[in-house]
Amino acid sequence: MSDVAAILLAAGRGTRFGEEPKLLAQVSGKALVRHAAEAAVHSTAGPIIVVTGHCADAVQAELKGLPVQIVHNPLFSEGLSTSLKAGFSALPPGARAALILLGDMPLVSASLIDALVAGWHESREPAALVPTLDGRRGNPVVISRALQTAIEELSGDVGAGPVLRGRPDVVEWPTADRAVVQDIDTREEFGRLRV
């Protein structure tokens, strides 16, 4: 087990995507959420904690056979912060940080995850390591467990942004990998996806 766990957020409704549950949409024969989970499984991060909510049974079925820990968030409809908190609450005692992976980012690879984990260690374990592409912040983000109390105080449909904003101990990690800004919110974005 690594000292950096992965929390895969897979609980949201994806309302801008349309009727079909976004995370279950098929790309190259696999659901979006499975692409993200497989990248985490093949990385050095671990354990892999998958936070489910909307369509939890179907999401879990898509992940069948993968060595992941499923954590159901019954409060998912109250917003992203509840899933982030559920993931942090499930971290094992030895985890010093969590890599926050979004279920709608199928281009994120195991090698990108490994580079982010290594970058966090090489940066002397900052409060967070945030990938950037051309100055634009992206995901996945590595967040130190030292911020867990602040994460637990979040509410509503927000991620870790309010906790990280303005902190001098957040390290930006420049990359040329477009995967850090390529999430899928709409059918149009899904149609342009090339995996």
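So in the numbering used here, spot 81 of the sequence shown is number 1249, and the numbers just go up one at a time. A virtual CB, placed ideally from N, CA and C, is assigned to each residue, including glycine.
Cα-Cα separation between residue i and residue j, rounded to whole angstroms
i, j, result
"A1344", "D1171", "26 Å"
"P1336", "G1197", "43 Å"
"K1253", "I1319", "6 Å"
"V1209", "Q1237", "11 Å"
"R1346", "E1340", "15 Å"
"L1262", "E1293", "Before going further, note that residue 1262 is Gly rather than Leu in the sequence given. If I take the Cα positions, the gap works out to 15 Å."
"H1203", "P1274", "5 Å"
Residue nearest to residue i in terms of C-alpha spacing, selected from the options
i, options, result
"R1264", "P1215, G1324, A1204", "P1215"
"A1213", "L1200, S1245, A1224, L1176", "L1176"
"A1224", "V1326, A1296, A1178", "A1178"
"V1219", "E1230, A1229, P1235, F1244", "F1244"
First and last residue of the uninterrupted beta strand (DSSP E) at residue i
i, result
"Q1316", "From DSSP, Q1316 is part of no beta strand (DSSP E) but of the alpha helix (DSSP H) over 1316–1320."
"E1340", "1338–1342"
"L1301", "1296–1301"
"L1177", "1172–1178"
C-beta atoms of residue i and residue j nearer than 8 Å
i, j, result
"I1281", "P1260", "no"
Run of the alpha helix (DSSP H) containing residue i, from where it starts to where it stops
i, result
"A1265", "Here A1265 belongs to no alpha helix (DSSP H); instead the beta strand (DSSP E) covers 1265–1270."
"V1227", "1224–1230"
"T1212", "Per DSSP, T1212 belongs to no alpha helix (DSSP H) and is neither H nor E."
"S1251", "1248–1257"
heavy atom of the ligand FAD below 7 Å from residue i C-beta
i, result
"A1226", "This structure lacks the ligand FAD, and indeed carries no ligand of any kind."
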